[in-house]
Amino acid sequence: MTVRVNDAANYMCSKSGHKITNLQLQKLLYMADMNFVGQGKGRLVDEDFEAWDYGPVLPSLYHKCKAFGSKPVPKVFWDAEDISGSDEALMLDLAWEKLKSATPGQLVKTTHSSLGAWVRRYVAGARQIKIMTDDMIEEYARRTSRT
2 MTVRVNDAAN YMCSKSGHKI TNLQLQKLLY MADMNFVGQG KGRLVDEDFE
52 AWDYGPVLPS LYHKCKAFGS KPVPKVFWDA EDISGSDEAL MLDLAWEKLK
102 SATPGQLVKT THSSLGAWVR RYVAGARQIK IMTDDMIEEY ARRTSRT
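In structure tokens, the structure reads:
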């Protein structure tokens, strides 16, 4: 099952105690989605990531949170449904546990990896270039074969 972007974002922000920025949120959601789809569970969120300058971005989430700049995202997902206990929430939990201590710069470096789907789609300054699900599956395979 796929969850709405706002539901996943709300879950991750709540998990962090509302201490993560838009950039961190984007990268955490991307890594969770890439792992979810790579494990054959389908897409975690209901929107495609795009290849932007700072890595994979969910456009609707970016626009909802851009006003906060580099400050933490407060409680803004008023229409979010509780996804606790779902497979998607469990994957978000795993991403959080693995990456919660990473700096924004480290998260950008992770998503810009030569192993990643972002590298395959990125065009400097361009927007609306979707990161394909097949590329995310291949990224998962490359990342997991290295461990």
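All the letters of the sequence shown, read from the start, carry residue numbers 2 to 148 under this note's numbering.
From the three backbone atoms N, C-alpha and C, an ideal C-beta is built for every residue, glycine too.
Subject >> Cβ-based burial, V124 [other Cβ within 10 Å; buried from 16] >> reply: Along the sequence shown, read from residue 1 onward, the residue named residue 124 stands at position 123. Looking at its Cβ environment, which holds fewer than 16 other Cβ atoms inside 10 Å, V124 is exposed.
Original post:
Which whole-angstrom value is the C-beta distance of A118 and L29, which I expect to be below 8 Å?
Top reply: Stepping through the sequence shown from its first residue, residue 118 is reached at position 117. Stepping through the sequence shown from its first residue, residue 29 is reached at position 28. With 8 Å as the limit, A118 and L29 do not qualify as a contact, their Cβ atoms being about 16 Å apart.
Subject >> Where the beta strand (DSSP E) containing E48 begins and where it ends >> reply: Looking up residue 48 in the sequence shown gives position 47. Run containing E48: none; DSSP gives neither H nor E here.
Original post:
So, are the CB atoms of L26 and V74 less than 8 Å apart?
Top reply: What you label residue 26 is simply residue 25 of the sequence shown in a count that begins at 1. What you label residue 74 is simply residue 73 of the sequence shown in a count that begins at 1. Yes, these two residues count as a Cβ contact at 8 Å.
Original post:
For K67, does the three-state DSSP call read helix, strand or coil?
Top reply: Here residue 67 refers to the residue found at position 66 when the sequence shown is read from its first residue. Helix.
Original post:
Taking DSSP as the reference, what is the three-state secondary structure of K131?
Top reply: As a first step, residue 131 must be located in the sequence shown, where it is residue number 130. Strand, per DSSP.
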